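A.B. asks: Under the numbering used here, read the sequence shown as residues 236 to 677, first letter to last. Idealized CB from N, CA, C, for every residue including glycine. A quick note: this is a predicted structure, and the numbers were derived from the prediction, not measured.
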Amino acid sequence: MHIFETIFRNGIVANHDGVKEADIGVQNGRIAALGDLSRAADETMVDCKGLHVLPGVIDTQVHFREPGLTHKEDLESGSRGAVLGGVTGVFEMPNTNPLTTTREAFDAKIAAGTNRMHCDFAFYVGGTHENVSELRELEKLPGCAGIKVFMGSSTGSLLVQDDDGVEAILSAITRRAAFHSEDEYMLEERKDLRIPGDPSSHPVWRSPEVALNCTKRLVALARKTGKRIHVLHISTGEEIAFLADHKDVASVEVTPHHLTLDDTSYARLGTFVQMNPPIRDKSHQDKIWAGVSSGVADILGSDHAPHTLQEKQHPYPMSHSGMTGVQTLVPTMLNHVNAGKLSLERFVDMTSHGPNRLFGIVRKGRIAVGYDADLTIVDLKRRKTITNDWIASRAGWTPYDGITVTGWPVGAIVRGHRVMWQGELVTPGIGQPMLFSEALTG
Ligand code: DOR
236 MHIFETIFRN
246 GIVANHDGVK
256 EADIGVQNGR
266 IAALGDLSRA
276 ADETMVDCKG
286 LHVLPGVIDT
296 QVHFREPGLT
306 HKEDLESGSR
316 GAVLGGVTGV
326 FEMPNTNPLT
336 TTREAFDAKI
346 AAGTNRMHCD
356 FAFYVGGTHE
366 NVSELRELEK
376 LPGCAGIKVF
386 MGSSTGSLLV
396 QDDDGVEAIL
406 SAITRRAAFH
416 SEDEYMLEER
426 KDLRIPGDPS
436 SHPVWRSPEV
446 ALNCTKRLVA
456 LARKTGKRIH
466 VLHISTGEEI
476 AFLADHKDVA
486 SVEVTPHHLT
496 LDDTSYARLG
506 TFVQMNPPIR
516 DKSHQDKIWA
526 GVSSGVADIL
536 GSDHAPHTLQ
546 EKQHPYPMSH
556 SGMTGVQTLV
566 PTMLNHVNAG
576 KLSLERFVDM
586 TSHGPNRLFG
596 IVRKGRIAVG
606 YDADLTIVDL
616 KRRKTITNDW
626 IASRAGWTPY
636 DGITVTGWPV
646 GAIVRGHRVM
656 WQGELVTPGI
666 GQPMLFSEAL
676 TG
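(1) Residue range of the beta strand (DSSP E) that Q520 falls in?
(2) Less than 8 Å separating the beta-carbons of G391 and E419?
(3) Residue range of the beta strand (DSSP E) that E327 falls in?
(4) On the DSSP bridge list, what partners appear for N250?
(5) With a floor of 4 residues, list each alpha helix (DSSP H) that falls wholly inside the stretch 378-447, ordered by position along the chain.
(6) Could you give the first and the last residue of the continuous beta strand (DSSP E) run that contains M280?
(7) Is it the case that the Cβ atoms of M236 and A276 are separated by a distance below 8 Å?
(8) Any heavy atom of the ligand DOR inside 7 Å of the beta-carbon of T563?
(9) So the candidates are L496, D533, S500, V508; which of them puts its Cα closest to the Cα of D521?
(10) Does the beta-carbon of D538, which I'm using as the reference point, lie nearer than 7 Å to any heavy atom of the ligand DOR?
(11) Does the distance from the C-beta atom of G526 to that of V489 stay below 8 Å?
(12) Mind checking E365: buried by the 16 CB within 10 Å criterion, or exposed?
(13) Start and end of the beta strand (DSSP E) containing G362?
(14) Distance check for V487 and F582, CA to CA, integer angstroms please.
(15) Pairs of beta-carbons, one from the stretch 350-358 and one from the stretch 319-327, closer than 8 Å: are there three or more?
(16) Please say whether W632 and I638 have beta carbons closer to each other than 8 Å?
(17) Can you give the beta carbon distance from R650 to D609, rounded, assuming they're within the 8 Å contact cut?
(18) Here's the rule I'm using: 16 or more other beta-carbon atoms within 10 Å means buried, otherwise exposed. How should L569 be labelled?
(19) Which stretch, first to last residue, makes up the beta strand (DSSP E) that contains H465?
(20) Under a Cβ-count criterion, where at least 16 other Cβ atoms within 10 Å of its own Cβ denotes burial, should P333 be classed as buried or exposed?
(21) How would you write the range of the beta strand (DSSP E) that R618 sits in, first residue to last?
(22) If we count the other Cβ atoms within 10 Å of its Cβ and call it buried at 16 or more, is Q198 buried or exposed?
(23) How about R452 and E417: are their beta carbons less than 8 Å apart?
(24) Identify, in the order they occur along the chain, each residue of the same chain with its Cβ nearer than 8 Å to the Cβ of K255, setting aside the five sequence neighbours on each side.
(25) Taking R338 as the reference, give the member of S314, G348, C379 with the closest Cα.
(26) Taking 8 Å as the threshold, find out whether the stretch 292-303 comes into contact with the stretch 545-555 through three or more Cβ pairs.
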């Protein structure tokens, strides 16, 4: 009789092959068999009866703030929030202090995350005017998710606002690069539209045209240089319509907050929903949902961007932009699945298959033999209220505090290890850098 290290038994597996009952046999941290394993033995059995087993959810946009801003978050606390929320892998952003723009800064982050973070990880390198000539080498480093460019300024000092600067970066690299797409020149011109003390003026200042104009410039530059771009956190209906015509060069990220919150939230939550690009009115939200249904949206990223209560409470516009999200991505989106806004298969498509397909993550993002046994195990029927005291982030708050959802993460499995099970951290600190097929060395 075949003996596996671990068998996840009796779960309903949601993968590329549909949603159906199957067992998953794990050997050496990888998926070794999939199907009816009732005749096989196991050293460890995890009973998944009544639960859905998804490929591990990969959150491709988080800000974990280490080094330099660790009063908001660090790699340990951020990744603890990830696994408590059922996320098994993250791509982390370069607007730390120092910025992740050099080999030294990148290596230091890999060292700080390895066997300390709770999930597997990759770090983006920030593209700047100064480091263009090094980017081709940097984007190939093991554990590098690629190059990230801020075309509009947000938290931190990373900024490449000009077409020449973006063109130079795109020309230098070969992998898909990620962009914060808001037009810095327009943001500068429109600054006076911010009304002191009124965060609902944030989307007026950072208008749909500011986002669309930048995305048009960016797509033109991608075409000119023949490179692939990943447009982060799409916030407007206009960009969804525009990007539908440019799927050959552009991939599209949408976020749970743009799909869940709208401008009516400013009255209740004020600066706590201040985010770049901003939360807008329902008409944009509806069109972003249409992008989810139509397939224009490739990926769901949380843009987890923690700031302390105090930093959020400064009077607008001194209040910091950003909110936590990595821990609430799975529950808020499963609630949308239960409400019929998207299918479970489409959720898996955007949080596992999408990252695998766009970024070529080695052995991650699919439940298939030979892949890492990264699994997100969920109870689709569990009703629970999200609360601030559940949030592991150093920031300690969520815009969804007090919201009851249906659908909850029960387990986060990383390379066969139960890292989180039933809300408890079971196997801490086994995080490893992810590898990418376009950057394999040897
Ligand atoms: O609101 C935001 N906050 N948007 C970003 O792009 C950056 C983020 C942060 O790092 O705080």
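C.D. replies: Working from what's here:
(1) Q520 -> not in any beta strand (DSSP E); alpha helix (DSSP H) instead, spanning 517-529.
(2) no
(3) 322-327
(4) G253
(5) 398-407, 419-424, 437-440
(6) 276-282
(7) yes
(8) no
(9) L496
(10) yes
(11) yes
(12) exposed
(13) First-last for G362: undefined, no H or E at that position.
(14) 15 Å
(15) yes
(16) no
(17) 7 Å
(18) buried
(19) 464-466
(20) exposed
(21) 610-620
(22) Any answer about residue 198 is impossible in this case: the structure gives the chain only from 236 up to 677.
(23) no
(24) I247, V248
(25) C379
(26) no
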